Amino acid sequence: LLSDLSDGRERYPVRVVNEVDEEEIDPEFIYSSRVIDVGGILKRRNITSEIFCSCSSVCGPSCTCWSGAYELNDNEGLNGWKMKTIRPSALSFPVAECGDTCACSLHCGNRVAQKGANYPFEIFRTADGRGWGLRSLSSIPTGAFISEYTGELIEDEAANGRDDKYLFETIMGNSKLTIDAHFAGNTARFINHSCDPNAKVGMVSWEPHEQQLNHVCVFAAKKIGRGEEITIHYGHSWWLSNIALFPCKCRAAACKYDEIARLKFLNRGIEPENLRNAHPDEIPP
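As numbered in UniProt numbering, the sequence shown has no gaps in its residue numbers, which increase by one up to the final residue, 285.
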């Protein structure tokens, strides 16, 4: 359908293919590799630089910015560069990268997510009724950065009246914000849910402000093969808001939001996450 949805905004063209039906990507959809500050939220921050380091080349454990979240992967990445992957435990907390005011070079091991996607992806139409999906056109090692979740950055209150299928919550300082990828976004907007996902979401910041925006970033939770679909877990709260409309179709053995869960929720008001404990004899293992 399209040779490059990103129109050159990514390192590799983002191809769109549909061999299932006649559906097309909304022509009004805006591709953006970064969050869009539609209401000037980021511009209103104090511009005083608060976080920086004075390392001469690349940062190490003694650096004030060093989080220890990233490590060199044994596998060579594309173009021969050694890939920096995130430690699994690091995704449990916000990760701070070096920013624009840091003296270290762009090759610093503490600059990963801010550089954008390093792998080629393809948006495709799924054959099992899950709409669009995203798959990798190369193998991705465990812990590698996949993509930032971009879209319109809006106040948390403004998100209440919007379709929540493409909303992702984040924070900036002490403020709760929302990223809405309904009308604008990037490849991450097309990542489907799975109850047994191969990717995981983490928060990463790299701006030199006291009120740092936590960027919503997707990392590989396990090795992803070439041609394999990329999936994340949308979270229990998301499914509580949407399971009345449709069931999960991930087909994972541990799926908690399938048609059985949906019917139980509609008929008895039992939350999907508690179904197996509430009626273990009625739900497949």
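We put the CB at the ideal spot given by N, CA and C, even for glycine.
In this text, all values refer to a predicted model and were calculated from it rather than measured experimentally.
Relative to the C-alpha of residue i, which residue among the options is closest?
i	options	result
P61	L213, I41 and C108	C108
F124	K256, E24, E210 and C217	E24
Y149	I224, K264, N192 and F52	N192
G40	W238, E152 and E228	E152
T187	D164, M172 and I146	I146
D37	G235, A184 and K84	A184
S89	F219, D196, L5 and W239	F219
C98	A127, R130 and C55	C55
T170	D258, P94 and K264	P94
L266	A254, P247, E157 and I30	P247
F29	H182, I232 and G161	H182
V17	A254, S33, G131 and L72	G131
T142	T178, I224 and A158	I224
S139	S92, F121, S241 and L263	F121
K115	K84, R135, G129 and N242	K84
V201	L177, I230 and E207	I230
M203	G227, S67, S57 and F52	S67
S136	C255, E228 and I232	E228
R9	R162, S32 and E19	S32
G133	C217, R162, L42 and F190	F190
A144	T101, G161, G129 and Y70	Y70
F168	C217, C250 and K264	C217
S205	D100, A199, E155 and W239	D100
So, with DSSP's three-state summary, where would you put residue i?
i	result
S237	helix
L5	coil
residue 295	In the structure as shown, the chain begins at 1 and stops at 285. Residue 295 is therefore absent and cannot be evaluated.
H279	Low confidence applies here, because H279 scores a pLDDT of 39, under 50, leaving its location unreliable and the question unanswered by this model.
Which residues bound the alpha helix (DSSP H) around residue i?
i	result
L167	Taken as a continuous stretch (DSSP letters only), L167 belongs to no alpha helix (DSSP H), being part of the beta strand (DSSP E) at L167 to M172.
R251	Taken as a continuous stretch (DSSP letters only), R251 belongs to no alpha helix (DSSP H), as it is neither H nor E.
For the beta strand (DSSP E) containing residue i, list its first residue and its last residue.
i	result
R15	R15 to V17
Please look up how many angstroms separate the CB atoms of residue i and residue j, rounded, as I've assumed it's under 8 Å.
i	j	result
D7	R15	Not a contact, Cβ separation roughly 12 Å.
R45	H209	5 Å
D196	A117	D196 to A117, Cβ: 23 Å. No contact.
S105	V58	6 Å
K165	N242	7 Å
A159	T178	4 Å
I'd like to know whether the C-beta of residue i is nearer than 9 Å to at least one C-beta of chain C.
i	result
I41	Among the protein chains of the structure shown there is no chain C, as only one such chain exists.
Every unbroken beta strand (DSSP E) within the UniProt domain "Pre-SET" (51-116), with a cutoff of 3 residues, ordered by chain: 70-76 and 82-86
Every unbroken beta strand (DSSP E) inside the UniProt domain "SET" (119-235) [3 residues or more]: 121-125, 132-136, 145-148, 152-155, 167-172, 175-180, 199-205 and 215-220
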